[in-house]
Amino acid sequence: MMEPEIVIKADNVVKSFGDRTILDGISLEIYKGETFVIMGGSGCGKSTFLRHVIGSLKPDSGKIFLLGKDLSKIDENEMDKVRMKIGMCFQSSALFDSMTVGDNVSIGLREHTKLDKSVIDIVVKMKLEMVGLRGFENLMPSALSGGMRKRVGLARAISMDPEIVFYDEPTAGLDPIVAGVIDKLIVDLSKKLNITSVVVTHDMKSVFSIADRVAMFYEGKVLEIGTPEEMKRSKNPMIQQFTSGSPDGPIRFFQQKDDYLERLVA
Ligand SMILES: Nc1ncnc2c1ncn2[C@@H]1O[C@H](COP(=O)(O)OP(=O)(O)OP(=O)(O)O)[C@@H](O)[C@H]1O
Ligand SMILES: [Mg+2]
């Protein structure tokens, strides 16, 4: 069998904030074209890990390789070039409410390419069509439902024809049907455009419907990596508990640390 091509490699990545170790030696490999899901409880370091992979945080130790580049060895200029090849659909990267849908989708094209406006307009139309929002370019985001806004975010994430798209909880806050639509879009876009997708989610239904492989994070470590089927069969009680969503088991949810909540009650 041919060796899969590795597009992301994390090698023993460690990161602490103050005296709290958030990533405690993360190692994993993500293959070209696959949909790789990172799951795990709130606060276990999923988003922090993604921020390392896209180069916006630097590990205290360990290495990240993104599309063949060792991120610890490249300068900002080279990093910008790598960033052109990735798309992001993050929890925080909401739409700009003061811009039309079309302008939201075309931000990257306008800022990072020299394409004519007429060409950009065509690309925007195509990307919106791919997410089922044909003809929506002149609307304002405020006129859209949550699911439609997510789809605009998806269109923006694929606007530059990326090799990899990162999604941080793409279905959070959506009803189950709309969440299913977004899941299907992620898989369809990956297949059609030959994109590697990295998806952070704790929605188990999403995990089992979209993942080629899954990594389960727990307290800054990778517990296990495997196909969804392998996860379902896992003997690890923590994975069993997570995949079944049971409050009883080795993971005690109410004891998980959450700085934000701790500050609120302090
Ligand atoms: N810049 C930072 N400074 C200090 N602490 C941070 C910082 N970023 C993240 N943390 C802490 O690291 C921990 C992990 O955060 P992270 O956002 O990676 O969790 P997560 O797995 O994505 O959780 P969720 O599922 O709730 O999004 C949290 O306790 C958070 O408070
Ligand atoms: Mg997160």
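Numbering (the numbering used here), first residue to last: 239 to 504.
Think of the CB as a built atom: it goes at the ideal place given N, C-alpha and C, for glycine as much as any other residue.
Three-state secondary structure assigned by DSSP to residue i
| i | result |
| --- | --- |
| G278 | coil |
| G300 | strand |
| Q493 | In this prediction, Q493 scores a pLDDT of 48, lower than 50, which makes its location untrustworthy; no coordinate-derived value is stated. |
Host alpha helix (DSSP H) of residue i (start-end)
| i | result |
| --- | --- |
| M476 | P475 to S482 |
| F328 | Neither: F328 is in no alpha helix (DSSP H) and is coded neither H nor E. |
| S285 | K284 to V291 |
First and last residue of the uninterrupted beta strand (DSSP E) at residue i
| i | result |
| --- | --- |
| F404 | I402 to D406 |
| T259 | R258 to Y269 |
| A248 | I244 to F255 |
Residue i burial status per 10 Å Cβ neighbour count (16 or more: buried)
| i | result |
| --- | --- |
| D406 | buried |
| A332 | exposed |
| M398 | buried |
| A506 | There is simply no residue 506 to check, as the chain begins at 239 and stops at 504 in what is shown. |
| V275 | buried |
| S428 | buried |
| G306 | exposed |
| P408 | buried |
| K311 | exposed |
| D421 | buried |
| N342 | buried |
| G325 | buried |
| K319 | exposed |
| E375 | buried |
| V357 | exposed |
| E349 | exposed |
| E468 | exposed |
| D441 | buried |
| K284 | buried |
| G299 | Note that residue 299 is Ser in the sequence shown here, rather than Gly. With fewer than 16 Cβ atoms within 10 Å of its Cβ, S299 is classed as exposed. |
| E401 | buried |
| G346 | buried |
| I260 | buried |
| I302 | buried |
| I448 | buried |
| S336 | exposed |
| T439 | buried |
Closer than 7 angstroms to chain B by CB, residue i
| i | result |
| --- | --- |
| A393 | Among the chains in the structure shown there is no chain B, since it carries only a single protein chain. |
Problem set entry | Continuous alpha helix (DSSP H) assignments of at least 4 residues falling wholly in the segment 362 to 397 | The segment 362 to 397 contains these whole alpha helix (DSSP H) runs: 384 to 395.
Problem set entry | Ranges of the alpha helix (DSSP H) found wholly within the segment 422 to 484, counting only runs of at least 4 | Scanning the segment 422 to 484 from its first residue to its last, the whole alpha helix (DSSP H) runs of 4-plus residues come out as 442 to 448, 466 to 470 and 475 to 482.
For this session: Anything with a beta carbon under 5 angstroms from a heavy atom of ligand 1 counts; list them all in chain order.
Result: Taken from the N-terminal end onward, the list reads F255, I260, S280, G281, C282, G283, K284, S285, T286 and D497.
Exercise. Could you give the uninterrupted runs of the alpha helix (DSSP H) lying entirely in the segment 303 to 358, keeping only those of 4 residues or more?
Worked result: Those alpha helix (DSSP H) runs which fall completely within the segment 303 to 358 and span 4+ residues are 314 to 321 and 339 to 350.
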